[in-house]
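Okay, structure first, notes after.
There are 2 protein chains.
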Amino acid sequence: MFDAIGFDADDTLWHNERLFSMTQEKFRGILKEHAPDLVDRQLLDTEKKNLQVFGYGIKGFVLSMIETSIQLTKGGISGNEIEQIMDFGREMLTAPIQLLEHVEDTLQYLQNNYILLLITKGDLIDQETKIARSGLSDYFNSIEIISEKNVPAYQKILDKHQIQPERFLMVGNSIRSDILPVLEMGGTAVYIPYEIDWAHEHDSKPGSSASFHEMTHLGQLPGWLKTMEVKTG
Amino acid sequence: MFDAIGFDADDTLWHNERLFSMTQEKFRGILKEHAPDLVDRQLLDTEKKNLQVFGYGIKGFVLSMIETSIQLTKGGISGNEIEQIMDFGREMLTAPIQLLEHVEDTLQYLQNNYILLLITKGDLIDQETKIARSGLSDYFNSIEIISEKNVPAYQKILDKHQIQPERFLMVGNSIRSDILPVLEMGGTAVYIPYEIDWAHEHDSKPGSSASFHEMTHLGQLPGWLKTMEVKTG
Chain A
-7 MFDAIGFDAD
3 DTLWHNERLF
13 SMTQEKFRGI
23 LKEHAPDLVD
33 RQLLDTEKKN
43 LQVFGYGIKG
53 FVLSMIETSI
63 QLTKGGISGN
73 EIEQIMDFGR
83 EMLTAPIQLL
93 EHVEDTLQYL
103 QNNYILLLIT
113 KGDLIDQETK
123 IARSGLSDYF
133 NSIEIISEKN
143 VPAYQKILDK
153 HQIQPERFLM
163 VGNSIRSDIL
173 PVLEMGGTAV
183 YIPYEIDWAH
193 EHDSKPGSSA
203 SFHEMTHLGQ
213 LPGWLKTMEV
223 KTG
Chain B
-7 MFDAIGFDAD
3 DTLWHNERLF
13 SMTQEKFRGI
23 LKEHAPDLVD
33 RQLLDTEKKN
43 LQVFGYGIKG
53 FVLSMIETSI
63 QLTKGGISGN
73 EIEQIMDFGR
83 EMLTAPIQLL
93 EHVEDTLQYL
103 QNNYILLLIT
113 KGDLIDQETK
123 IARSGLSDYF
133 NSIEIISEKN
143 VPAYQKILDK
153 HQIQPERFLM
163 VGNSIRSDIL
173 PVLEMGGTAV
183 YIPYEIDWAH
193 EHDSKPGSSA
203 SFHEMTHLGQ
213 LPGWLKTMEV
223 KTG
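Listed in order, the protein sequences are those of chains A and B.
Going by this note's numbering, 1 is the number at position 9 of the first sequence; the sequence numbering is gapless.
Going by this note's numbering, 223 is the number at position 231 of the second sequence; the sequence numbering is gapless.
So this is what it looks like as structure tokens:
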């Protein structure tokens, strides 16, 4: 049925959005006395504006927090407060990786029967150090860090590994990045929603089809793959 | 003689360090009244300390400038001044790419006879947008953006393209990143120094050998390749 399985990383293999949420809460704490309202909204707007030049990742997030703090305080934020914001970034960049449940068992089980690819978008050094800290590198035949997850980017990866789209399964928590482009290419996609929705994306799930499946956790993947193998004989 | 030629990008194909130097001058202007001395030295120390968590690139440089400005003013720098520093970063990220002399002619000439690889280290989105803005993408068979240029990283790239090290030539301006690891692998390297030395690297040139060559500009590469072909029959 499948030759290769691609896995998203952030919020599919390990907790990530939680770290951003926790940091944003600390950021609100700093701005509490200056400008308690509108922090989340202003930060989101600033992030959206900056995404094209800064890309995804912690450094861009820190720069957006600094920019937001200056705007909301009309320049009144102090250097020491900005230093605290920078320290949040440093903590995020070195925070221990917390794997989601069932991740290690599932990868261990699948590695003998499938080509396993880690396909993640984001900041190169952020992602590389997270993968190293996760201890999961050895389960993957290849690690692909890309700046956008769209059809040409997936196609390039499949070409490189000589994988047919119809023999490719992608697993992830983002409808926009992990599911829709893979379905468009003729692949199959498994959607495992994360506990926190990312504020930048509100995409509708695709209609029910043989190529799209939803699960509640990664531990369900091996069982589902078995039923698929039985079905297709 | 060679099947493939790898090119470094920053300060080999286009001006880059100049943009950092110009920005650093503007940064000194902001700090002039606060703390005129030690700016360059403190910034360099901060950058070195941050390199491992921030990696190479403009976002990391901006964060290091902000941190330095806070330290040197003991927190006295204003939000508006920090906003100016952030604007420097935004200007750098969208600045037009200025190609070095002879670059386009040389690539055009070489593209029919060699596999051309662009091999650059740095921030994924910085590098991708620079490559796009440079207009040079189409000359290259593949573009490789990596976080460190060391022997395993080069080996991985050569394996992917099935290139033997002894049939590989690397061209670049950094002894540490473009020359030494390639020589160590058994490849050949051409060193073209840039007008400004990067403050983070002061490496000695390797001794004279058949595998190491120095040129003053990229326009000399085709002629040199011809003499090499003649020599090796």
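All C-beta atoms in this analysis are idealised placements derived from N, C-alpha and C, irrespective of residue type, glycine included.
Report, in whole angstroms, the separation of the C-beta atoms of residue i and residue j, which I expect to be a contact under 8 angstroms.
| i | j | result |
| --- | --- | --- |
| Val31 (chain A) | Leu23 (chain A) | 5 angstroms |
| Asn(-7) (chain B) | Glu140 (chain B) | The displayed chain sequence assigns Met, not Asn, to residue -7 (chain B). Not a contact, Cβ separation roughly 28 angstroms. |
| Leu217 (chain A) | Thr98 (chain A) | About 10 angstroms separates the two Cβ atoms, so there is no contact after all. |
| Phe53 (chain B) | Phe12 (chain B) | 7 angstroms |
| Asp118 (chain B) | Ile58 (chain B) | So it is not a contact: roughly 17 angstroms between Cβ atoms. |
| Leu172 (chain A) | Ser203 (chain A) | Actually they are not in contact, since the Cβ atoms of Leu172 (chain A) and Ser203 (chain A) sit about 11 angstroms apart, beyond 8 angstroms. |
| Asp3 (chain A) | Asn165 (chain A) | 5 angstroms |
| Leu228 (chain A) | Ala27 (chain A) | Outside the modelled stretch of chain A, which goes from -7 to 225, sits residue 228 (chain A), for which no answer is possible. |
| Gln9 (chain A) | Tyr186 (chain A) | The identity of residue 9 (chain A) in the sequence shown is Glu, whereas the question assumes Gln. Indeed, because the Cβ distance is near 6 angstroms, the residues count as touching under 8 angstroms. |
| Lys18 (chain A) | Phe80 (chain A) | 6 angstroms |
| Leu91 (chain A) | Leu35 (chain A) | Contact doesn't hold; Cβ gap of about 28 angstroms is too wide. |
So who's on the other strand from residue i, going by DSSP bridges?
| i | result |
| --- | --- |
| Phe(-1) (chain B) | B:Leu110, B:Val163 |
| Ile138 (chain A) | A:Lys113 |
| His205 (chain A) | A:Val182 |
| Trp6 (chain B) | B:Asp2, B:Leu91 |
Residues of chain C with a CB under 9 angstroms from the CB of residue i: which are they?
| i | result |
| --- | --- |
| Met78 (chain A) | Here chain C cannot be found, since the structure's protein chains are A and B. |
Going by DSSP in three states, residue i sits in which element: helix, strand or coil?
| i | result |
| --- | --- |
| Leu91 (chain A) | strand |
| Ala124 (chain B) | helix |
| Phe46 (chain B) | helix |
| Met(-7) (chain B) | coil |
| Ser61 (chain A) | helix |
| Gln154 (chain A) | coil |
| Ser13 (chain B) | helix |
| Phe132 (chain A) | coil |
| Ser70 (chain B) | coil |
| Gln103 (chain A) | coil |
| Pro52 (chain A) | Here residue 52 (chain A) is Gly; the residue named in the question, Pro, does not match the sequence. It is helical. |
| Pro173 (chain A) | helix |
| Ile22 (chain B) | helix |
| Ile188 (chain B) | coil |
| Pro198 (chain A) | coil |
| Asp118 (chain B) | helix |
| Glu96 (chain A) | helix |
| Leu30 (chain A) | coil |
| Glu193 (chain A) | coil |
Expressed to the nearest angstrom, what Euclidean distance is found between the alpha-carbon atoms of residue i and residue j?
| i | j | result |
| --- | --- | --- |
| Lys226 (chain A) | Thr86 (chain A) | Shown here, chain A extends from -7 to 225; a query on residue 226 (chain A) therefore has no answer. |
| Asp37 (chain A) | Ser56 (chain A) | 9 angstroms |
| Gly68 (chain B) | Val163 (chain B) | 45 angstroms |
| Gln212 (chain B) | Tyr101 (chain B) | 12 angstroms |
| Gly127 (chain A) | Gln103 (chain A) | 15 angstroms |
| Ile62 (chain B) | Ser70 (chain B) | 9 angstroms |
| Val143 (chain A) | Arg20 (chain B) | 45 angstroms |
| Glu25 (chain B) | Pro88 (chain A) | 41 angstroms |
| Phe160 (chain A) | Ser129 (chain A) | 20 angstroms |
| Thr219 (chain A) | Glu96 (chain A) | 21 angstroms |
| Thr60 (chain A) | Val45 (chain A) | 16 angstroms |
| Ala181 (chain B) | Asp189 (chain B) | 19 angstroms |
| Ile107 (chain A) | Pro214 (chain A) | 14 angstroms |
| His94 (chain A) | Met84 (chain A) | 24 angstroms |
| Arg33 (chain A) | Lys66 (chain A) | 16 angstroms |
| Ser201 (chain B) | Asn105 (chain B) | 25 angstroms |
| Lys226 (chain B) | Thr208 (chain B) | Nothing about residue 226 (chain B) can be read from this structure; chain B reaches only from -7 to 225. |
Please go through the same chain and pick out, in chain order, the residues whose beta-carbon is closer than 6 angstroms to the beta-carbon of residue i, but skip the five residues on each side of it.
| i | result |
| --- | --- |
| Glu206 (chain A) | Tyr183 |
| Glu73 (chain A) | Ile22 |
| Ile155 (chain A) | Asp(-5), Ala(-4) |
| Ser169 (chain B) | Lys141 |
Please go through the same chain and pick out, in chain order, the residues whose beta-carbon is closer than 7 angstroms to the beta-carbon of residue i, but skip the five residues on each side of it.
| i | result |
| --- | --- |
| Gly47 (chain A) | Asp115, Ser139 |
| Lys157 (chain B) | Inspection of the sequence shows that residue 157 (chain B) is occupied by Pro rather than by Lys. Result list for Pro157 (chain B): Leu150, Met177, Gly178, Gly179, in chain order. |
| Gln147 (chain B) | Met177 |
| Ala145 (chain A) | Ile138 |
| Thr15 (chain A) | Phe80, Met84 |
| Met78 (chain A) | Val54 |
| Thr112 (chain B) | Asp0, Ala1, Asp2, Gln119, Ile137 |
| His7 (chain B) | Gln90, Leu92 |
Just to confirm my understanding: we take residue i, look at its own chain, exclude 5 residues before and 5 after, and list those with CB closer than 8 angstroms. What are they?
| i | result |
| --- | --- |
| Ile167 (chain B) | Tyr183, Glu193, Asp195, Ser196, Lys197, Pro198 |
| Leu109 (chain B) | Ala(-4), Ile(-3), Gly(-2), Phe(-1), Phe132, Asn133, Ser134, Ile135, Glu136, Ile149, His153 |
| Arg82 (chain A) | none |
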